[in-house]
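Residue 45 in the working numbering sits at position 35 of the sequence shown; the count goes up by one each step and never skips.
No residue lacks a Cβ here, since even glycine has one placed at the ideal position from N, Cα and C.
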Amino acid sequence: MSATKYSHPFLNGLKPIPEDYEDPIQQIREWMKSQPHLPYISDEYIVLFLHSNYCKIKETKDTIECYFTLRNNSPDIFTNRDPLLPKNKTILEITQMVALPKLSSEGYHILLYRFCDTDYSKLNFADAVRVFCMFNDIKLSEDKLSEGYIVIFDMKGCSLGHLTRVTLPALRAFMVYIQNAHPCRLKKIHVVHTVSFINQVMCLVKPLIHSNLLNLLNFSSEGPASVVDVECLPEDYGGAQPPVKQLHEEQRKLMETDYKDWLIESEIFKVDEKKRIKKPSKGMFASFTSSFKSLDID
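Here it is in structure tokens:
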């Protein structure tokens, strides 16, 4: 058992653990005992994986395996998680990643991502993916067991220059993370203010997208008010919530203070390939293992 100073994945804990999770937790715990390459994790961690998979045991096992394998085999994304490192600060200065205060009409959390500095020469894609994952880990901690997430990517100000900054290894890791490792209930992904070169973007990412994720994607040439209720939006977009810049600075401060050491400590949660008894059985995850072993993030 690894000793940790902080509670993971919920900095402030998850108490009490819902009673209806007791039996599934035990099933996953027994399975993990037979997988020595996996790290020891708390019952709360197991609950997060179960919740994201609606307590389906097989799907939960697949997510756990993918999550910790990806974190081991993509070090450029899942190490150096100190938000005060210069390369992470740069991403936090050129982008705005915010959780909106008001839930959607369905009771889902809404996350908004956009550039605030559109100078593409400042973008390192692998660094952006790292900070994106850091932000999302914090959101899982803060939101506990969320009923679901609606994600909005605002492409306003994006150029072909940004597209040239995308590196394939980091993109592959990002797509695996979103589709198979991120323990959340993803409900919808809205891409707004779509750019003229969106077809080129889709040509790049479509080979990496599963059909179930494609079904969640929605493109709009208009702003966020065309995809979610306007009262949920910041005043920048005609809503009643605080401006994006204010939300970003508040949430960035949380990352740099309360969550700084927690993020750094979270780097220990990864597989130990030397202890893996056998390769995963054939199926969804089998192809990922070979891909992970060849990942070489720039």
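Hey, residue i and residue j: beta-carbon distance below 9 angstroms or not?
i, j, result
"Q106", "L243", "no"
"D53", "R140", "no"
"I287", "V237", "no"
"S276", "R91", "yes"
"H192", "N228", "no"
"L218", "M185", "yes"
"L226", "L181", "no"
"D129", "I148", "no"
Take residue i and list the residues in its own chain whose beta-carbon comes closer than 7 angstroms to its own, dropping the five residues that flank it on each side.
i, result
"Y55", "H18, P19"
"T70", "I38, F59, L60, N63"
"L24", "E54, V57, K154"
"G233", "V202, H203, Y247"
"S300", "A caution first: S300 carries a pLDDT of 45, below 50, which makes its placement in the model too unreliable to give a value."
"F125", "I104, T105, G167, C168"
"T89", "E277"
"Y118", "E157, G158, Y159, I160, K197"
"D30", "none"
"E259", "none"
Assuming residue i and residue j form a contact by the criterion Cβ under 8 angstroms, report the distance between their Cβ atoms to the nearest whole angstrom.
i, j, result
"N146", "C76", "About 15 angstroms; that fails the 8 angstroms criterion."
"G248", "V240", "6 angstroms"
"C194", "L150", "6 angstroms"
"R81", "F135", "Not a contact, Cβ separation roughly 18 angstroms."
"L48", "I74", "7 angstroms"
Between the options, which has its C-alpha nearest residue i's C-alpha?
i, options, result
"K329", "S114, F142, L170, F279", "Summary: the structure shown does not reach residue 329, with the chain confined to residues 11 through 308, and so no result is reported for it."
"P111", "K198, E152, N225, E69", "E152"
"D282", "G233, F78, A180", "F78"
"S156", "L196, I278, L133", "L196"
"K97", "K132, A235, P28", "K132"
"Q251", "D30, Q45, A109", "A109"
For residue i, count neighbouring C-beta atoms within 10 Å of its own C-beta (all shown protein chains included) and say buried if the count is 16 or more, exposed if not.
i, result
"N63", "buried"
"H172", "buried"
"Q36", "exposed"
"L170", "exposed"
"Y187", "buried"
"Y1", "Absent from the model: residue 1. The displayed extent of the chain is 11 to 308, so no value can be given."
"Y50", "exposed"
"I38", "buried"
"Q210", "exposed"
"D137", "buried"
"F298", "Unreliable placement is indicated for F298, whose pLDDT of 49 sits below 50; the coordinate value is still reported in the next sentence. The residue is buried, with at least 16 neighbouring Cβ atoms inside 10 Å."
"G246", "Looking at the sequence itself, residue 246 is Asp, so the reference to Gly does not match. Buried: at least 16 other Cβ atoms inside 10 Å."
"K284", "exposed"
"K15", "exposed"
"K280", "buried"
"K216", "exposed"
"K198", "buried"
"A296", "Note on A296: pLDDT 47, under 50, position unreliable in the model; the coordinate value appears next. Under this definition A296 is an exposed residue."
"P26", "exposed"
Can you list, in chain order, the residues of its chain whose CB lies under 8 angstroms from that of residue i, leaving out five sequence neighbours each side?
i, result
"P326", "In the structure displayed, the chain extends from 11 to 308; residue 326 sits before or after that span and is not available."
"M294", "Since pLDDT at M294 reaches only 47, below the 50 mark, its modelled position is unreliable, and no value is offered."
"S114", "I120, I160, V238, D239, C242"
"A235", "L243, Y247, G248, G249"
"M11", "For M11, the predicted structure reports a pLDDT of 49, less than 50, and the residue's modelled location is therefore unreliable. The matter cannot be settled from this model."
For residue i, which residues of its own chain have a beta-carbon under 6 angstroms away from its beta-carbon, when the five flanking residues on both sides are left out?
i, result
"Y123", "M107, F163"
"C168", "V205"
"S231", "T204"
"E67", "One detail in the question is off: residue 67 reads as Ile in this sequence, not Glu. Around I67: Q37."
"P34", "L60, C65"
"D127", "I104"
"F207", "L170"
"L21", "S151, W272"
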